Each structure stands twice: as C-alpha cells, then as structure tokens.
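Just below is one structure, and these are the notes that go with it.
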C-alpha cells in the first residue's frame, strides 16, 4: 500500500513538471475578454428587460 502511494506521488510530481502555466499576458487578455462579454450581455439583458417592461405597461396599465 505504501509503495503504491509513493509511486503515485512520484508520478504526480513528474506530471506536474509537464504542466504549462499561462503567462500573465494570457491571463490578463482572457480576463478582459470575460469582462467585456459580461458587460455586453448585461447591457443586452437590461435593454430587453426595459423594452418588455414598457410594452407591458402600455398593454395593461
């Protein structure tokens, strides 16, 4: 059991060395894309909500 754990941990260490880590520039670029996408969706949903609210007001009040 202990030998299997040691072998597993050794393999984990080897695999960890193969992991490619994104650069700061890559992370920052992805963050900007996500923020812009969220802002666009938020504005779109606000416009739809506002428009449907006005239509419902005109029809029922």
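Numbering (this note's numbering), first residue to last: 300 to 360.
Note that CB positions come from ideal geometry on N, CA and C, so glycine has one too.
Being a predicted model, the structure only gives us computed values, none of them experimental.
Beta-carbon proximity list for residue i, same chain, < 7 Å, skipping 5 on both sides
i: residue 307; result: none
i: residue 346; result: none
Same chain only: Cβ atoms within 8 Å of residue i, ignoring 5 sequence neighbours per side
i: residue 314; result: none
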